[in-house]
Amino acid sequence: MNMRTQQIMQEFYTLHPDLTFLEAELSKALRLLLDTFRSGGKLLICGNGGSSADSEHIVGELMKGFLLKRPLSSDKKDLFTNLFGEDGKQIAEVLQEALPAIYLSTHTA
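With positions in the sequence shown counted from 1, the corresponding number in the working numbering is that position plus 7.
As structure tokens, then:
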């Protein structure tokens, strides 16, 4: 875990001291997610009813930067520029990488 992540976690526990008993388990879960994303894996989030709405929201949050921005790589920026010229270059500058997360629901309508 990098220093910025550790700082964010410490701020979280300062704001929510009643949750410090979960620190080891939350750190383990965070490491699992980081290892999954770094190795090219994805996060599947499932829900039904109200949990479905929560699941969809969580995936939406992972699709954009929250505290830390995730700019596109140079290769992806070049691809946008090559495909769409100056417009593609401008678009690529404001786009962000998304974490690979998928929302699954039983709702079919």
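Idealized CB from N, CA, C, for every residue including glycine.
Since we're looking at a predicted model, the values are computed, not measured.
Best match in the options for proximity to residue i [C-alpha to C-alpha]
i: ALA99; options: THR113, ARG77, PRO107; result: ARG77
Enclosing beta strand (DSSP E) for residue i [first to last residue]
i: SER112; result: 108-112
C-alpha distance - residue i paired with residue j, whole-angstrom precision
i: SER46; j: LEU40; result: 10 Å
i: THR27; j: PHE73; result: 23 Å
i: GLY54; j: GLY67; result: 14 Å
i: LEU86; j: ALA31; result: 42 Å
i: SER34; j: SER59; result: 25 Å
i: PRO107; j: LEU90; result: 24 Å
Limits of the alpha helix (DSSP H) - the one that residue i falls within
i: GLY95; result: 81-101
i: MET57; result: As written in the sequence, residue 57 is Gly, which differs from the Met given in the question. Its alpha helix (DSSP H) spans residues 57-69.
Pair within 9 Å by beta-carbon distance, residue i and residue j
i: ILE109; j: ILE52; result: yes
For residue i, the three-state DSSP class (helix, strand or coil)
i: LEU50; result: strand
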